[in-house]
Amino acid sequence: MKAEKKTKENLINEITELRKRISELEEDDREKFRQLRMFAAHLQSVQEEERTRIAREIHDELSQTLTMLQIDLADFVSELNKKDPKTHAPFIGKVAAISKAIGDIIEVGHRIAREMRPSILDDLGFMAAAEWQINEFRKKTGMKCEFNKGHIIAFNKEFTTALFRILQEALSNVARHAGATEVIVDIYMKDGSVILKVEDNGKGIEERKISDGHSLGLLGMRERVTLLSGELSIYSKPGEGTAVIAYIPVGRHAL
Amino acid sequence: MIRIIIADDHPLVRFGMTKIVSKDPDIVVVGEAQNSHEVMELVRTRRVDVVVLDISMPGKNGLEILEQLKHEYPKIPVLILSTHSEEQYAVMAFKTGAAGYLTKRSALDELIKAIRKVASGGRYASSAFDEYLLFGLEKGMDKPPHETLTNREFQIMHLIASGKKPKAIAEELCLSVKTINTYRGRLLQKIQVKSNAELTRYALENKLLE
Ligand SMILES: Nc1ncnc2c1ncn2[C@@H]1O[C@H](COP(=O)(O)OP(=O)(O)OP(=O)(O)O)[C@@H](O)[C@H]1O
Ligand SMILES: [Mg+2]
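Chains as they are written, first to last, in my numbering: chain P, 1 to 255; chain X, 1 to 210.
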């Protein structure tokens, strides 16, 4: 009898012990998950910093130096012209061609820089950058794109970057997958949150793809929104288009 | 004579711009600046007709310097020089009070033209931009050239356009013929015409002779 009681007590103790252990492990997991998320966020911001730096280096240093080289060449041509234009004529043509090639390199540099991180985002803020991005989208896709700009405030870099990257991903998905003819972008503030909505009239996303963990674009958008304590909703029906809506409280990110 | 200062943090750029304007004997570089402090110091101490200002300088950026300049010296036209060809930058520059916006890439072909235009009270945007679109964004600020004329210039334009000879005008206004010709040169430039005939046509088209 006594021995039985003892075993029972032991068992209860053991179960309690196990329960405690499990919840410790769960806590551990949650903590690990939180750390992982923070780490991902950190990597993202480091990457963004790096992109900013490289883009600026290319855009400002490289392209300015090349531009000045073009000026030098023009100067050189006018020297040649002064001296003996006849004998120098073939060289002048050559120099003009070189100068044009330099111009093309500058153009490529600007493109690379813009693709890394458009300077307009840091210089003129989110709305100007959004407007520019939407214009690019129109030019590239030929799609009709309505842009409804509400009034927004100025945000810090973290917030600005997140919003801009979400807009870019949503637009790039429309361009690549939707087969749409029209897009409407709404950006405005309501009750201290920014609402960014990209709506297309394309073929829609299949239900399983919306929550599929393999889709890094959608996952990335969701991750950015979650890190800022916001919400991302995707409404879509096959054949009836897609709406991606990010709803993010500005909070401490206001400038 | 147009006295300009060139403000850019990049020595190579200042050198290049100076080289470009040296082709025009009417334009003199009276100073170079590499930060906002030097810009303000130069406009304080020298007579400056045009400030050629880089849009992105370290510390205070170009737009902030522009704002300060426009606040303290609203009469000096500022020509913004920029590596950015996005239209949003130009719109922002004009909103902040710039008289002109030129990309560095178009400086070689357009810097002299741009300096002359803003020096005479006009506005200039790189030919890569659609000026109409750019200026259409701020209605009312896009004045026709004759509205930039001073009263005296306007009066003289009127007399020339109605066919009077310089001598007659000089007598009528009690000025020397030489002075009349100086005025004539300046207003032809402001209106961007080359001859009296073109001036008359401009005046007729804009109904300035009634
Ligand atoms: N606006 C849309 N209209 C139709 N289908 C879409 C739309 N947006 C996304 N999809 C579908 O959802 C899938 C997942 O999108 P997601 O952005 O996650 O990945 P992706 O665009 O294929 O690749 P990436 O990682 O380069 O973004 C897409 O492959 C596409 O099939
Ligand atoms: Mg995608």
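Don't be surprised by glycine CBs; every beta carbon is placed ideally from N, CA and C.
Treat the numbers as computed from the prediction; the structure is a model and nothing was measured.
Return the bridge partner residues of residue i from the DSSP annotation.
| i | result |
| --- | --- |
| P/Ser-233 | P/Ile-245 |
| P/Cys-145 | P/Val-183 |
| X/Ile-80 | X/Leu-53, X/Tyr-101 |
| P/Glu-199 | P/Ile-184, P/Ala-243 |
| X/Ile-4 | X/Val-29, X/Val-50 |
| P/Val-194 | P/Met-189, P/Ile-248 |
| X/Tyr-124 | X/Gly-100 |
| P/Ala-254 | P/Phe-155 |
With distance defined between alpha-carbon atoms, name the residue in the options nearest to residue i.
| i | options | result |
| --- | --- | --- |
| X/Ile-80 | X/Gly-31, X/Arg-47, X/Ala-114, X/Leu-159 | X/Ala-114 |
| X/Lys-104 | X/Arg-201, X/Leu-12, X/Val-177 | X/Leu-12 |
| P/Glu-206 | P/Lys-20, P/Glu-240, P/Ala-129 | P/Glu-240 |
| X/Thr-150 | X/Ile-2, X/Ile-191, X/Phe-94 | X/Ile-191 |
| X/Val-118 | X/Gln-189, X/Pro-77, X/Pro-25 | X/Pro-77 |
| P/Glu-146 | P/Arg-252, P/Phe-155, P/Phe-164, P/Gln-133 | P/Gln-133 |
| P/Asp-200 | P/Glu-169, P/Thr-242, P/Asp-186 | P/Thr-242 |
| P/Ala-178 | P/Lys-190, P/Leu-219, P/Gly-230, P/Lys-237 | P/Lys-237 |
| P/Ile-234 | P/Ile-54, P/Gly-192, P/Glu-223, P/Leu-218 | P/Leu-218 |
| X/Gly-290 | X/Gly-59, X/Ile-2, X/Glu-198 | This structure gives no information on residue 290 of chain X, because the portion of chain X shown stretches from 1 to 210. |
| P/Lys-100 | X/Leu-108, X/Lys-95, X/Ala-203 | X/Leu-108 |
| X/Ser-120 | X/Glu-172, X/Arg-186, X/Glu-41 | X/Arg-186 |
| P/Tyr-188 | P/Gly-93, P/Phe-126, P/Asp-212 | P/Phe-126 |
| P/Met-143 | P/Gly-204, P/Asn-156, P/Ala-180 | P/Ala-180 |
| X/Ser-5 | X/Gly-97, X/Gln-155, X/Ala-33, X/Asp-24 | The sequence given here has Ile at residue 5 of chain X, not Ser. Closest by alpha carbon: X/Ala-33. |
| P/His-42 | P/Met-116, P/Ala-162, P/Ile-184 | P/Ala-162 |
| P/Asn-135 | P/Ile-54, P/Leu-66, P/Val-185, P/Val-194 | P/Val-185 |
| X/Ser-85 | P/Lys-32, P/Ile-106, P/Ile-153 | P/Ile-106 |
With H, G and I counted as helix, E and B as strand and the rest as coil, what does DSSP make of residue i?
| i | result |
| --- | --- |
| X/Asn-196 | helix |
| X/Gly-24 | Checking the displayed sequence, the identity of residue 24 of chain X turns out to be Asp instead of Gly. Three-state DSSP puts X/Asp-24 in coil, outside helix and strand. |
| X/Ser-32 | Note on residue identity: the sequence assigns Glu, not Ser, to residue 32 of chain X. It is a strand residue. |
| X/Met-141 | With a pLDDT of only 46 at X/Met-141, under 50, the local geometry of the prediction cannot be trusted, and the value read off the model is given with reservation. Coil, per DSSP. |
| P/Val-46 | helix |
| P/Phe-155 | strand |
| P/Met-38 | helix |
| X/Tyr-202 | helix |
| X/Leu-149 | coil |
| X/Lys-165 | coil |
| X/Asn-61 | coil |
| P/Leu-266 | An answer regarding residue 266 of chain P cannot be provided, because it is not within the stretch 1 to 255 covered by chain P. |
| P/Ile-205 | coil |
| X/Leu-12 | helix |
| P/Gly-93 | helix |
| X/Phe-154 | helix |
| X/Lys-19 | helix |
| P/Pro-85 | helix |
| P/Ser-63 | helix |
| P/Ile-12 | helix |
| P/Gly-213 | coil |
| P/Lys-5 | helix |
| P/Gly-109 | helix |
| X/Phe-94 | helix |
| X/Thr-45 | helix |
| X/Lys-75 | coil |
Just to confirm, is the Cβ distance from residue i to residue j under 7 Å?
| i | j | result |
| --- | --- | --- |
| X/Gly-31 | X/Arg-46 | yes |
| X/Thr-18 | X/Val-29 | yes |
| P/Leu-124 | X/Gln-68 | no |
| X/Ala-7 | X/Val-39 | yes |
| X/Lys-165 | X/Val-177 | no |
| P/Gln-64 | P/Ile-102 | no |
| P/Ala-170 | P/Val-108 | no |
| X/Ser-82 | X/Ile-55 | yes |
| X/Leu-111 | X/Ile-20 | yes |
| P/Leu-73 | P/Val-95 | yes |
| X/Ala-170 | X/Ile-160 | no |
| P/Ile-248 | P/Leu-227 | no |
| P/Phe-164 | P/His-253 | no |
| P/Ala-129 | P/Ile-120 | yes |
| X/Gly-62 | X/Asn-35 | no |
| P/Leu-216 | P/Val-225 | no |
| X/Ala-90 | X/Ala-125 | yes |
| P/Ala-97 | P/Ile-58 | no |
| X/Ala-73 | X/Val-52 | According to the sequence as given, residue 73 of chain X is Tyr; it is not Ala. It is not a contact, given that the beta carbons lie outside the stated cut-off. |
Would you mind telling me which residues of chain B sit closer than 7 Å to residue i, beta carbon to beta carbon, in chain order?
| i | result |
| --- | --- |
| X/Thr-96 | Any reference to chain B falls outside this structure, whose protein chains are P and X. |
Please enumerate, following chain order, all residues with a beta carbon closer than 6 Å to at least one heavy atom belonging to ligand 2. P/Glu-169, P/Ser-172, P/Asn-173, P/Gly-217
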